[in-house]
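S.K.: So for the sequence shown, our numbering puts the first residue at 5; every next one is plus one. Beta carbons: idealized from backbone N, C-alpha and C, even for Gly. As the structure is a prediction and not an experimental result, all values here were calculated from the model. Structure incoming, see below.
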Amino acid sequence: EKSLADEEYGIGFRKADQALRDEVERLLVEMKKDGTFAEISQKWFGNDVCTLPDDFTPAGSDDDSLQKIKDKGKLIVGLDVSLPPMGFRDDDGNITGFDVDLAREVCSRMGVELVTEGIDWKIKESELNNGKIDVIWNGYTISDDRKAMVNMTDAYMGNRQVLVVMEGSPIKSADDLAGKRLTLQSGSTASDALDAFPDIKKSLVGGEASKVGDNVTALLELSMGKCDAVLLDETVAKYYTSHMDQVKAAE
């Protein structure tokens, strides 16, 4: 079986906000050293998923991005609220998740309030650069295109793109997608992963995947028989396959 893409998650800041970016990563490395990162990982994944380096040297920027956050007293984190276990709404409507817990601890150490803001994932970089949010932090895959738009941290967690299908599906890997209907989230790196395999993409019904607003909708379409497979982050796939009947990961 082959994964369509091996990826890593990072945190995105405005290009000019080097001081803020450095402080967040410094605190995450501090959390790795004192075991807090591992504790949060155990809560959500049952093991330590941290891929951060053991040491971090700030760039030494003198921009005022960190001071602005401290003066404001809050850090506004933009996220897709339908991406469990990274960030999602619980049964009471509260935004929770692995990335939310990490961000909350970072904010506590920074001495500011965490504010979570649900955003349209298709325009996340625009929401960041127009000042609506201070950071993109929610299963945000590192890519060259994204690094050209934002100031990205080092990777703090690994990920890959996998297929989710219904129980009994003949689809066992990406090689079985010929003539099948594939759905994925618009604006996600699942689309980039598929583009890297033009022969597989061409073999799909209509020669391309159907794109929807979020993974919840994609998986609903799968359960209703409107598609044959969904391509999404493995971390999210594992959560959904453990919480939804009759769906499983093909990769």
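So, does the region 133-145 touch the region 65-83, judging by three or more C-beta pairs under 8 Å?
M.R.: Yes, since at least three Cβ pairs between the region 133-145 and the region 65-83 fall closer than 8 Å, the two stretches touch.
S.K.: Locate the alpha helix (DSSP H) running through L83, then write down its first and last residues.
M.R.: As a position in the sequence shown, residue 83 is number 79, starting the count at 1. No alpha helix (DSSP H) holds L83; the beta strand (DSSP E) holding it covers K78 to L83.
S.K.: Roughly how many angstroms separate the alpha carbons of N51 and S45, rounded to a whole number?
M.R.: The sequence position of residue 51 within the sequence shown is 47, counting from 1. The sequence position of residue 45 within the sequence shown is 41, counting from 1. Cα-Cα distance, rounded: 6 Å.
S.K.: Among C111, V220 and K36, whose alpha-carbon lies nearest the alpha-carbon of F92?
M.R.: As a first step, residue 92 is located in the sequence shown; it is residue number 88 there, counting from the start. That would be V220, whose Cα lies nearest to the Cα of F92.
S.K.: Taking the straight line between their C-alpha atoms, what separation do you get for S65 and E109?
M.R.: Numbered from its first residue, the sequence shown carries residue 65 at position 61. Numbered from its first residue, the sequence shown carries residue 109 at position 105. Approximately 23 Å between the Cα atoms of the pair.
S.K.: So, is T193 buried or exposed, given that buried needs 16 or more other C-beta atoms within 10 angstroms?
M.R.: Counting from one through the sequence shown, the residue named residue 193 turns up at place 189. Buried, because 16 or more other Cβ atoms sit within 10 Å of the Cβ of T193.
S.K.: Between the region 142-151 and the region 8-27, do at least 3 Cβ pairs fall closer than 8 Å?
M.R.: They touch, by the three-pair rule.
S.K.: Which runs of the alpha helix (DSSP H) fall wholly inside the region 190-225 and span at least 4 residues, in chain order?
M.R.: Correct list: 193-199 and 202-207.
S.K.: On the DSSP bridge list, what partners appear for L118?
M.R.: Within the sequence shown, numbered from 1, the residue matching residue 118 stands at position 114. Answer is L79, bridged to L118.
S.K.: Tell me whether E131 sits in a helix, a strand or coil according to DSSP, three-state version.
M.R.: Counting from one through the sequence shown, the residue named residue 131 turns up at place 127. Looking at E131 - three-state DSSP - the assignment turns out to be helix.
S.K.: How should D38 be labelled, buried or exposed, when 16 other C-beta atoms within 10 angstroms of its C-beta is the threshold for buried?
M.R.: Translated into positions along the sequence shown, residue 38 becomes position 34. Exposed: under 16 other Cβ atoms inside 10 Å.
S.K.: Does DSSP put M156 in a helix, in a strand, or in coil?
M.R.: Residue numbering aside, residue 156 sits at position 152 when the sequence shown is read from its first letter. Three-state DSSP puts M156 in a strand.
S.K.: Could you tell me the boundaries of the beta strand (DSSP E) in which D10 lies?
M.R.: Indexing the sequence shown from 1 puts residue 10 at position 6. Segment A9 to F17, the beta strand (DSSP E) holding D10.
S.K.: Along the chain, where does the alpha helix (DSSP H) containing D285 start, and where does it finish?
M.R.: With the chain covering 5 to 255 only, the question about residue 285 has no answer from this structure.
S.K.: If you follow the beta strand (DSSP E) that T145 is in, where does it begin and where does it stop?
M.R.: The residue labelled residue 145 in the question sits at position 141 within the sequence shown. That run of the beta strand (DSSP E) goes V139 to T145.
S.K.: If you drop the 5 nearest sequence neighbours on each side, which residues of the same chain put their C-beta closer than 6 Å to that of K78?
M.R.: The residue you call residue 78 lines up with position 74 of the sequence shown. Excluding sequence neighbours, K78 sits near V116, E117 and V119.
S.K.: Can you tell me which residues form a DSSP beta bridge with Q46?
M.R.: For the purposes of this step, residue 46 is taken as residue 42 along the sequence shown, with counting starting at 1. DSSP lists no partner for Q46.
S.K.: Within the chosen definition, does the region 197-205 reach the region 125-135 through at least 3 CB pairs nearer than 8 Å?
M.R.: Too few Cβ pairs lie closer than 8 Å, so no.
S.K.: If we ignore side chains and look at the alpha-carbon of each, how far apart do L208 and T187 end up?
M.R.: Translated into positions along the sequence shown, residue 208 becomes position 204. Translated into positions along the sequence shown, residue 187 becomes position 183. For L208 and T187, the distance between alpha carbons rounds to 10 Å.
S.K.: When the Cα atoms are used, what is the spatial distance from E5 to T157?
M.R.: Here the question's residue 5 lines up with position 1 in the sequence shown. Here the question's residue 157 lines up with position 153 in the sequence shown. Here E5 scores only 39 on pLDDT, less than 50, and its place in the model should not be relied on; the value that follows carries that caveat. In a straight line, the C-alpha of E5 is about 31 Å away from that of T157.
S.K.: Can the beta-carbon of V154 be found closer than 7 Å to that of A241?
M.R.: The residue you call residue 154 lines up with position 150 of the sequence shown. The residue you call residue 241 lines up with position 237 of the sequence shown. No. Outside cutoff.
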